[in-house]
Amino acid sequence: MTKAFITTVVGSMPKPAWLMEQLPLNTSGKQVHGRGADWQFSGELLKHALDDATRLALHDQENLGIEIVTDGEQRRKSYLTHVTSQLEGFDYKILTKKWTRNGRRLAEVGRCVGPIRRKKPILTEELEFVLSETKAPVKVTLPGPMTVADSIADEHYSSESELAMDVAAALNEEAVDLERKGATVIQFDEPVFSRYPKKVVDWGIEAIDRCVVGLKKAKTAAHICYSYPMPGVPRPIVDSYPVILKALETSKIDQLALEFEASGLAPSLLTLCPTKTVLFGCIDNGTNKIETPEYVADKLLAAASYLSPKQIQAAPDCGLVPLSLDIARLKLKAMVEGAKIARTKVNE
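Residue numbers for the sequence shown follow our numbering, beginning at 43 and rising by one.
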């Protein structure tokens with residue numbers, strides 16, 4: 043795809059109420075590990091329900107005009123532990139408390155108790171199912187190594203960066219298999235980049251580059267945001283993008299999925315990553331207010347003042363799991379219509 047303002051999503055879509063009993067994201071600080079939420083089914087019924095929820099997420103995206111789709115992360119209680127709990131070396135049976143996201147949140151986290159290794163494929167069967175259900179290009183999301191390191195209590199490694207590099211090696215094995223199975227885009231979610239710009243420079247770029255070694259066909263992406271808004275939890279928009287984007291410009295990553303809408307950051311920051319494709323966040327996933335197509339078009343055209351329109355993809359700020367299905371659909375509809383308006387204007 044080479045047209046201007048391709049439409050996509052960052053990763054998650056809301057889960058249907060019939061699939062999961064979902065508590066608020068701020069419930070007891072445990073939601074990051076899937077606690078505070080539970081499936082409405084078990085056994086064989088759960089398998090069929092997860093398949094149907096994935097079909098629904100795909101249908102919603104395609105019906106609304108999303109051009110690069112995901113599975114909506116319907117099978118995940120947590121975007122992170124769905125993957126990390128299947129890696130050797132992590133223990134989620136006995137949790138411990140840790141301040142994460144540079145002191146933003148006290149969470150109950152799993153522990154690293156030994157060397158991190160990938161024991162078996164994690165997401166390949168899920169990808170095969172998605173590819174059997176859609177003809178659209180498919181993106182698969184993985185948690186990034188720095189975000190994993192920040193979300194775990196390390197009881198084994200001598201440094202956070204050493205832990206992250208072993209996580210990156212394990213994620214790379216998964217990414218290579220996902221590319222082989224047919225993923226069009228493989229994205230590494232690194233919300234903590236915005237909280238630790240010095241770490242990004244010191245070892246974060248090295249770690250995320252390790253994730254993509256050997257990938258030849260799939261496009262690679264990194265998602266950076268300021269995390270989900272949570273009632274009672276501070277969400278400071280610190281001035282870290284200038285450092286982060288300069289560093290990411292030197293990376294091997296092809297695409298950057300960036301929050302711009304809720305953060306209010308200036309699109310002129312895009313001059314710091316001139317060679318990258320940018321998923322420009324123009325939909326706020328933290329409010330029920332529906333953006334208008336004209337508003338989205340203006341946002342995309344402003345971004346196109348700094349990068350080629352063909353380098354800019356229309357996307358939400360982050361995953362849409364905090365929203366209801368009805369609100370998410372209306373927001374994506376406005377985004378797709380706004381991208382069409384912007385595309386028409388740049389082609390005039």
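Beta carbons are placed, not taken as given, at the ideal position from N, Cα and C, and that holds for glycine.
Through-space distance from Glu-204 to Glu-86, alpha-carbon basis: The alpha-carbon atoms of Glu-86 and Glu-204 are separated by roughly 40 Å.
Pair within 8 Å by beta-carbon distance, Leu-184 and Gln-229: yes
Asp-219, DSSP secondary structure in three states: Helix at Asp-219.
Three-state class that DSSP yields for His-402 in the structure shown: Beyond the ends of the chain as shown, which are 43 and 390, falls residue 402; an answer cannot be given.
Inter-stretch contact (C-beta, 8 Å, three-pair minimum) for the region 325-334 and the region 344-351: no
Separation of Pro-56 from Ala-370, as counted between CA atoms: Taken atom to atom, the span from the alpha-carbon of Ala-370 to that of Pro-56 is near 7 Å.
From Thr-50, Lys-223, Lys-140, Leu-290, residue whose alpha carbon lies closest to that of Glu-248: Measuring C-alpha to C-alpha distances from Glu-248 to each of Thr-50, Lys-223, Lys-140, Leu-290 identifies Leu-290 as the nearest.
Three-state secondary structure assigned by DSSP to Met-55: coil
Pair within 8 Å by beta-carbon distance, Asp-368 and Gly-323: The answer is no: Cβ separation not under 8 Å.
Whole-angstrom distance between Asp-208 and Arg-160, CA atom to CA atom: 10 Å
Under the three-state DSSP convention, the category Ala-299 falls into: strand
Host beta strand (DSSP E) of Ile-383 (start-end): Ile-383 -> not in any beta strand (DSSP E); alpha helix (DSSP H) instead, spanning 367-388.
C-alpha gap between Pro-278 and Tyr-268, whole angstroms: Each residue's Cα considered, the two are about 8 Å apart.
Contacts around Val-242, its chain only, beta-carbon distance under 6 Å, and the 5 residues preceding and following it disregarded: Phe-235, Ile-286, Ala-289
Opposing strand residues paired with Met-62 [DSSP bridges]: Trp-81
DSSP-derived helix/strand/coil call for Gly-186: coil
Segment contact, 8 Å Cβ cut-off, at least three pairs: the region 182-196 with the region 118-126: yes
Close-in-space but distant-in-sequence residues of the same chain around Glu-168 (CB under 7 Å, 5 per side omitted): Answer for Glu-168: Asp-113, Arg-117, listed in chain order.
Residue from Glu-232, Leu-88, Gly-306, Lys-341 whose Cα sits closest to the Cα of Val-280: Gly-306
DSSP state of Gly-145 mapped onto helix, strand, coil: coil
Within 8 Å, strictly: CB atoms of Ile-108 and Thr-49: yes
Span separating the alpha-carbon of Lys-375 from that of Pro-284: 31 Å
Local conformation of Lys-45 per DSSP, three classes: coil
Per-residue DSSP class, three states only, for Val-363: Collapsing the DSSP output to three states places Val-363 in coil.
Distance, Pro-351 Cα to Glu-115 Cα: Rounded to the nearest angstrom, the gap between the Cα atoms of Glu-115 and Pro-351 is 28 Å.
Simplified DSSP state of Tyr-337, which is helix, strand or coil: helix
In DSSP terms, what Val-111 is bridged to: Val-180
Delimiting residues of the alpha helix (DSSP H) encompassing Val-125: 123-126 is the span of the alpha helix (DSSP H), which, as asked, contains Val-125.
Bridge partner(s) assigned by DSSP for Glu-130: According to DSSP, Glu-130 shares a beta bridge with Arg-159.
Residue from Val-254, Glu-202, Glu-379, Asn-389 with nearest C-alpha to Asn-105: Comparing alpha carbon positions, the residue from Val-254, Glu-202, Glu-379, Asn-389 closest to Asn-105 is Glu-379.
Cutoff 7 Å; reference Thr-176; Cβ partners in own chain excluding five residues on either side: Leu-100, Glu-104, Val-111
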